[in-house]
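For what it's worth, the UniProt record's numbering labels the leading residue of the sequence shown as 1, then goes sequentially.
No residue lacks a Cβ here, since even glycine has one placed at the ideal position from N, Cα and C.
Keep in mind the model is a prediction, meaning the values are calculated, not measured.
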Amino acid sequence: MNRLSRRLLSVPLLLSLALAGCGDSQGTTLRSAFLGELAEKTILPTYRDFDTRTGTLATALTELERTPTEATLATAQAAWRSVREPWGIQEALHIGPSEELHTGAAVDQVPSTSGIDSLLAGTTPLTEQSVGELGANRKGMMAMEYVLFDSQAGNAAVLTRLTEGDAGARRRAYLRALGAVLHTDAVEVHGEWEPDQGNYVAQLASAGTSGSRYATQKEAVDEIVNRLIGSVEVAELKLSKPLGFETGGTVRPEEEEARRSDNSLADLTHALVGMERLWLGPEGNGGLSRVVAATNKTLDTTVRGELAAVRTALESIPPPLRTALLQNRESVEAARAALSNLRATLASEVVANLGVTLKFNDNDGD
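Here it is, written out as structure tokens:
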């Protein structure tokens with residue numbers, strides 16, 4: 001019996017203890033405070049930041065199209081890395097409008113490199129509209145990375161490809177269009193959260209009251225906790241796949257997500273920040289931690305410790321990940337194991353404590 005299975009056996013007992021230790025009124029108040037804080041102080045600022053940074057990236061890619069130099073390339077690459085931060089943070093906060101608008105697929109899909117190469121070799125005009133209509137695997141941030149970075153040959157090779165005649169001009173036009181589409185998507189999902197636009201902030205903060213899309217607070221907490229567990233699982237898979245955990249243990253560097261930019265470890269760290277903000281709150285003294293600690297301080301301490309263990313393990317991997325996979329495999333395995341421990345605790349003990357309905361998927365389990 002694996003660790004997660006053993007923990008799930010204790011769900012009924014833990015749930016009954018949680019309910020006995022926290023009256024309905026207190027629990028409702030704590031959840032209301034948590035949902036309001038999450039919406040107003042964590043999710044909304046993150047989408048505002050994402051909007052702003054994608055605008056900066058779009059401008060940098062437009063300038064790169066006009067004047068392709070080492071300086072404009074470096075500026076565009078830095079802007080791309082900058083956008084990865086709020087995007088990674090929101091991985092654990094990916095609920096509501098982002099799900100309805102399919103933002104995740106549009107922004108961060110694994111690219112079809114052959115599809116992109118075919119597109120670049122073609123003659124169809126690469127405008128914001130035409131690129132926006134492409135399949136998710138030929139647009140978004142990872143398609144951008146494919147054209148904008150080369151961790152093996154370096155920026156000189158990237159710049160050569162961006163400046164070689166009509167083919168280079170087409171690559172630059174593609175990047176500029178990708179940047180414009182990304183910013184449009186960011187503006188749209190951000191707007192859905194703003195109080196003077198879509199006002200999803202109020203929908204989440206008022207869960208369980210008339211007018212909210214969440215008929216009960218439980219529905220909102222269920223969605224949030226399942227998303228948190230999913231984000232931990234995604235981070236774990238980003239290490240287990242290149243480690244070869246699914247293919248007999250042979251390292252598969254091609255499975256590393258952001259290998260062209262060597263941004264994989266930064267991406268994982270940003271995702272961890274999102275997990276921390278959801279659990280601890282934006283100032284470290286709120287979040288789900290406060291709700292859980294009201295009935296089980298030991299469990300809150302456990303989760304805090306496991307989050308800290310993930311951070312320590314990630315910081316112990318010598319960058320870049322593509323070389324650590326081969327030369328410091330044990331450090332990568334340690335980080336994967338820390339994420340696995342956190343996921344197991346969330347999916348069993350935290351789910352039980354909060355009375356969450358866990359939604360299993362094909363990747364659940366140890």
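query = Is the stretch 255-274 touching the stretch 151-166, taking contact as three or more C-beta pairs under 8 angstroms?
reply = yes
Inter-residue Cα distance where the pair is residue 163 and residue 118 = 18 angstroms
key: residue 46 beta carbon less than 8 angstroms from that of residue 86   = yes
message = Please report the straight-line C-alpha distance between residue 108 and residue 276, rounded to a whole angstrom.
response = 21 angstroms
query = In this structure, does DSSP put residue 229 in helix, strand or coil?
reply = helix
request  = Reducing DSSP to helix, strand and coil, say where residue 242 ends up.
outcome  = helix
ask   = Does the beta-carbon distance from residue 207 to residue 217 come in below 8 angstroms?
value = yes
request  = Tell whether a beta-carbon distance below 8 angstroms holds between residue 336 and residue 240.
outcome  = yes
ask   = CB-CB under 6 angstroms to residue 61, same chain, minus the five flanking residues each way: which ones, in chain order?
value = 76, 175, 176, 179
request  = Report yes if the C-beta distance between residue 192 and residue 200 is below 8 angstroms; otherwise report no.
outcome  = yes
task = Please report how far the alpha carbon of residue 288 lies from the alpha carbon of residue 256, in whole angstroms.
result = 31 angstroms
Identity of the residue in 125, 225, 301, 249 nearest residue 274 by Cα = 225
request  = Report the rounded CA-to-CA distance for residue 5 versus residue 266, giving the unit in angstroms.
outcome  = Low confidence applies here, because residue 5 scores a pLDDT of 43, under 50, leaving its location unreliable and the question unanswered by this model.
Nearest candidate by alpha-carbon position, reference residue 169, set 52, 64, 84 = 64
inquiry  = Between the stretch 328-345 and the stretch 230-249, can you find at least three pairs of beta-carbon atoms closer than 8 angstroms?
reply    = yes
query = Short check: CB of residue 58 to CB of residue 183, under 8 angstroms?
reply = yes
message = Considering only the alpha carbon of each residue, which of 30, 82, 68 lies closest to residue 49?
response = 82
message = At the level of alpha carbons, what is the spacing between residue 141 and residue 34?
response = 31 angstroms
request  = Taking the CB atoms as reference points, tell me whether residue 345 and residue 292 lie closer together than 8 angstroms.
outcome  = no
message = Cutting at 8 angstroms between CB atoms, please list the residues of its own chain near residue 360, excluding the five before and the five after it.
response = none
request  = Would you identify the three-state DSSP class for residue 217, choosing helix, strand or coil?
outcome  = helix
request  = Whole angstroms is fine: what's the gap from residue 31's alpha carbon to residue 358's?
outcome  = 18 angstroms
query = Quick one, which of 103, 124, 158, 166 has its alpha-carbon nearest residue 137's?
reply = 103
key: Identity of the residue in 135, 231, 124, 171 nearest residue 92 by Cα   = 231
query = Which first and last residues belong to the alpha helix (DSSP H) in which residue 89 is found?
reply = 70-89
message = Which same chain residues end up closer than 8 angstroms to residue 350 when comparing Cβ atoms and leaving out the 5 residues on each side of it in sequence?
response = 225, 288, 292, 299, 303, 356
ask   = Taking 7 angstroms as the line, does the beta carbon of residue 252 fall inside it for any heavy atom of the ligand PLP?
value = Of the ligands one can find in the structure shown there are none, so the ligand PLP has no counterpart to examine.
key: Neighbourhood of residue 342 by C-beta distance below 7 angstroms, restricted to the same chain and skipping five residues each side   = 232, 306, 307, 310
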